[in-house]
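Q: To start, I am sharing the structure in question, which I have written as structure tokens.
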Amino acid sequence: MRNYIRFILLFLVLILVGFISISQSENAVLVKKAFEVVMGNAHTFNKMFSIRDVQVKKGNIDIEVEKTIDKEYTTFEYFFVLNSISKDYRFTLQKVFQSQLDRTNISIHFQVNSDIFTFQSELPIKTVIDTAQCTFKKNDKVIYTTADFKREIEKLYAQSKVEKINGYDDFIIYQYQKRFFNILTKKGKDFHPEKDVELIRNATMVKFQITPQDVTNSYLKYEYSPLVP
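Residue numbers for the sequence shown follow the working numbering, beginning at 386 and rising by one.
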């Protein structure tokens, strides 16, 4: 009887191990495909890096990239690009692949000469992508954080030349889109790009009586301006 029970327990353990192995294998394929989707997007800043490897390690997503543009960037510029990529990556995992791996901690590694850089993104509130707290390390030493990034972004906004579109400040138009996005998607928790982008664009056009191009221009100016020449 005891031998029979032991046999059953061993059988169940083997089945469990098999399921875990299959799940890990599927996750490994999924996280790589999702990152390939993100890096294949039209954003110019995505071209700064190419993919070397994407893995799930100890419950975290671990990404190795290679810098492909022969140009020196500031710490702010690196952080800006990697923060944007990691956010797009979470949205892609959640909305395109319907995977809860979007809540996983993400690490992105790359090397410049002899220096090793690591960007880490963690979600304090696992279901809200916009709560990500990020750190940027050089040779294992933290050199930049989300708090530093927000302070610098606020300075850039303050220095930006505000222009009028149909009598409205373009920064006001941009802020309206951001607020609408946060309300509509619960701060990114329930974002459906295939329909939400159009809803936000139309609502902004109606409110300010402006064209679709005006909406796009005001958004891109303030959302991606730190890397625009």
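Where a beta carbon is used, it is the ideal one built from N, C-alpha and C, also for glycine. All of these numbers come straight from a predicted model, not from anything done at the bench.
1. Rounded to whole angstroms, what is the Cα-Cα separation between V450 and Y463?
2. DSSP on Q518, reduced to helix/strand/coil?
3. Can you tell me whether E449 is helix, strand or coil according to DSSP?
4. Find the nearest neighbour of D438 within the set T460, E537, I493, judged by alpha-carbon distance.
5. Within its chain, find whatever has a CB closer than 8 Å to the CB of K571; leave out the 5 residues flanking it on each side and keep chain order.
6. Which runs of the alpha helix (DSSP H), 4 residues or longer, sit entirely within the segment 525-590?
7. Please state the DSSP three-state secondary structure of V423.
8. If you follow the beta strand (DSSP E) that S492 is part of, which residue opens it and which one closes it?
9. From what residue to what residue does the alpha helix (DSSP H) around V471 run?
10. Using CA coordinates, which residue listed in Q485, Q594, F576 is at the minimum distance from K549?
A: So, from the data block:
1. Reading the sequence shown from its first residue, position 65 is the one you call residue 450. Reading the sequence shown from its first residue, position 78 is the one you call residue 463. One C-alpha to the other measures close to 13 Å.
2. Stepping through the sequence shown from its first residue, residue 518 is reached at position 133. Correct three-state label for Q518: strand.
3. As a working note, residue 449 is residue 64 in the sequence shown. If DSSP states are grouped into helix, strand and coil, E449 belongs with the strands.
4. Counting from one through the sequence shown, the residue named residue 438 turns up at place 53. For D438, the closest of T460, E537, I493 by C-alpha to C-alpha distance is I493.
5. Here the question's residue 571 lines up with position 186 in the sequence shown. These residues qualify, in order along the chain: V513.
6. 531-544, 555-570
7. Working through the sequence shown from its first residue, we reach residue 423 at position 38. The answer is helix: DSSP assigns V423 an H, G or I state.
8. For the purposes of this step, residue 492 is taken as the residue at position 107 of the sequence shown. Segment 491-497, the beta strand (DSSP E) holding S492.
9. Stepping through the sequence shown from its first residue, residue 471 is reached at position 86. It should be pointed out that residue 471 corresponds to Ser in this sequence rather than to Val. Taken as a continuous stretch (DSSP letters only), the alpha helix (DSSP H) holding S471 covers 460-476.
10. The residue labelled residue 549 in the question sits at position 164 within the sequence shown. The shortest C-alpha separation from K549 is found at Q594.
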